[in-house]
Structures are given as C-alpha cells and as structure tokens.
Amino acid sequence: MTIEDDMMIERTWSKTTPSTRSCGASKYLPVTPSIDEEPTQTLIEYEKVMDKFDEARAAKNYDLASYTIELAIRLRPTYFYSYYKKAFLYKSMKTKTVETLKCCKHALLLVQMRRNTFWIHVLTGFLCELNNNLDGAYKCYKEAIDLVDDGIIVDAQRYEHVADVYFRMGMILGDKKDFTPAIQHFERAYGLEHKPYYLGMCYNNIGWCYKQMNDDINACENYSRAIKENDKVVLFFTNRVKSYKSLHKFDEAISDIKQVLNGLTEDKRTVSEMMCELGLIFHTKKQFEKAKEQFRNALTVYDRMFFPYLFLASLSYMDSQLNESVQLLDKGIQNCYDDEAGLNYLVELRARIHLMLGNNELANQDTNRIRSYKKNFLSRID
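This is the structure in structure tokens:
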C-alpha cells in the first residue's frame, strides 16, 4: 500500500478466544486442530515471543524483530502463521522482496497441506498484494470473509477473528483511493480486535485515509486515538507530526518530534527524518541557523537520505556558496546510490550549478545522467 507505507503498516493474526469488544461473535474462525496437540508450555512461550516481535516492530527495531520471528519459527516450525508474520516483516523492511515472496509461499504451502480453506484465500490474497494485483487480492479476502459469514467454517473449540482480513481489505481500498469504504473496513477491524498495538493501527490507518482526503483535523484526531491505544508505536507519532505541520500547529509537532527523538525508536532513518522535520519547522519560523543545525545532525545520524543534502546544498546555492553546494551534492550522490528518485534531484541541482560555474562538460554529464534515470523509470512503467 502507498502508506508511508511507510505507512506501513503490516498486520498480524491474534490467536485468542473471541474479543469481548465485538458483538459480532460469528466473525471468527478455527485454528488448525493440530495446534491443540502442541504442549501448552510451547504455546505460552510462542505467545510471549510474538508479543516481543510486535514490540520490536512498533519501535522499528528490525534486528530484534528478525531475531524474535526466527525464535518463533524454531518454537513452532510447521506453523504457517510464523512464516506469514515473517513475510510482513520483510515487506515493511522493503529490502527483501524475494524473501517476502518465499515466506508467503511457504505459509501457503503449509495451509494447503492442512486444507485450511480460509487461510488459503487469505495467503493467496497476500501474494496478489505482493504482485500488485489489488483486485485479485480484494477478491480473495472477500471470499475468506464470506466463508465465515455464510457459516461454512464452524469449530466449537478454538477461534481466530477476522479483523486482519478487514484490515487488509481496507488497505487495498486505500491504495485505490476509495477512502470512505476503506475507513469502514478499518472500523470493522477495530471492532474485532483487542490488542492495543492493532487497535492503534486501525485508528492510524483511518487517520491516514483522512490525510489523503486533505482533512488534517480528522487525521490528527485519529492519530491521537491511535496513540491513546498504544503510545509506543513510532508510526503514530510521525504521522501526527505531518498533520500538525499542515495545520500550522508547530508546537504540537515539535512535542511529538521530541517524543520520537527521546528514545521511542533507535531506527536511524526515522530519527534522521524527524530531525529533518524539526529543521523544516525552524526554517518556516525563520530560525535558519537552527534549521541548518538539525539537517546537519540528521546527516550525522543517517547519511543515506537525499533530502538533507538537497536542503543544505540549496541553502548554500542561494547564499552563492556554489563550491560548497557542489561538495554537498557530490557527497549525497555518492551516499544515496540506491535512491534513484532522490539522486535525480541531487544531480539536477548539481548540473545547474556546474553551468553557473562554467563547467559545461560536467553539466552535460549530469544532464545525460538525468535522462538515463528518466528512461529507466519509464521502461519499468511500460
């Protein structure tokens, strides 16, 4: 989903009895019977590990999240759910596309062996999502919901709720910019959920939908509800910062930024992004030296994000410090090699400065590089 991503925003499956929050007790489905054959202590340990996994994801601690999901797999090596969760982790990391597909396919194989019709639909839908087939994914998720609504799946012993499926359907509708029904799906998911992390995620995504509709007031309200459900999730604060900025509530935005910077996450990219947000606020308030300081600090924390280079180089350019600007751009182009969109901005500004300095050959090289970026981008679209 195009939720920054980073919305991102991945979901997991609770393995509990039906939530008392929901009056729709029929919207639950059975866990694979073999789970009941596992030792009780193993199930208890597994639940503890998965709670740690959720905490790590909330803080964007991907190393710890990777460790805990591997531990979960060792505890229950044939349980498809662990591989499904691992696929979501890799999806959120955005650097392990092949591994994401492998995990999802392995989970699908396990449920096919058990003839778990509901999960076959869900995992097939997730594979469709990974392949950007949103219509196919929505259809699969709807078929999974229909199995429960029609009473085809019945088990008196143990149940899992379908909040996650409604959540995925909401994500897809959000991708398709169909925001009102997307919000309704997130509300359904909230009614079936009980864990604070996921209750917050429902509100977060409702807030994201309002943000896309340029309704920052409702967006802020829902981000605040998300934080009330769970105040340990970095994403809720970073999203609210953006809406506060749009509403010119800079003091509130600064308060949220400080919350993130004061130990809410150790993820260097997120910390750097928040320093940039703080720098932009200072720049808006015409506190230019403070703004520069924040962008320099951002590069000290994480030097592979193009925007601090672009911002500082632009300031030097406007101050007629052209050589300093080129030096910053050179460093940014060297460090941000895996961000083609960002590189395009950096190279474009450098080409303009080379022309001003009379370095026509270097300017032509940069111009050709920009054309190459655009050509490669268009070829991928085709």
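Residue numbers (UniProt numbering): 1 to 382. Note that the Cβ used here is the ideal one computed from N, Cα and C, for glycine as well.
- Counting only unbroken stretches of 4 or more residues, the alpha helix (DSSP H) elements lying wholly within the segment 214-275 are 216-229, 234-246 and 250-259, in sequence order.
- In this model, N116 and E143 are separated by some 13 Å (Cα to Cα).
- For K105 and Y46, the gap between their C-alpha atoms comes out near 22 Å.
- Bounds of any alpha helix (DSSP H) do not take in R76, whose DSSP letter is neither H nor E.
- For T95, there is no enclosing alpha helix (DSSP H), as DSSP marks it with neither H nor E.
- Of N61, N230, A226 and R240, the smallest CA-CA separation from I217 is found for R240.
- By the Cβ criterion, the segment 56-67 is not in contact with the segment 77-84, since fewer than three pairs of Cβ atoms, one from each stretch, lie closer than 8 Å.
- Around Y90, the same chain offers K96, E99 and T100 as residues with beta carbons nearer than 6 Å, after the five sequence neighbours per side are excluded.
- DSSP assignment within the segment 296-374 yields the following whole alpha helix (DSSP H) runs of 4 residues or more, N-terminal first: 306-318, 322-335 and 340-357.
- DSSP places H121 within a helical segment (H, G or I) once states are collapsed to three.
- In the structure shown, E193 adopts coil according to DSSP, grouped into three states.
- Within a 10 Å sphere around the beta-carbon of R371 sit fewer than 16 other beta-carbons, which makes this residue exposed.
- When secondary structure is reduced to three states using DSSP, R57 falls in the helix class.
- Rounded to the nearest whole angstrom, the CA to CA distance from Y309 to V122 is 43 Å.
- A Cβ-Cβ separation of about 5 Å places R168 in contact with Y141 under the 8 Å criterion.
- Annotation for E38: no alpha helix (DSSP H) segment contains it, and DSSP assigns it neither H nor E.
- In this structure, C276 sits away from Y244, with a CB-CB distance that is not shorter than 8 Å.
- Within 10 angstroms of the beta-carbon of L109 lie fewer than 16 other beta-carbons, which makes it exposed.
- For C128, the CB contacts under 7 Å within the same chain, skipping 5 residues up- and downstream, are G136, A137 and C140 in chain order.
- Secondary structure of Q112 (DSSP, three-state): helix.
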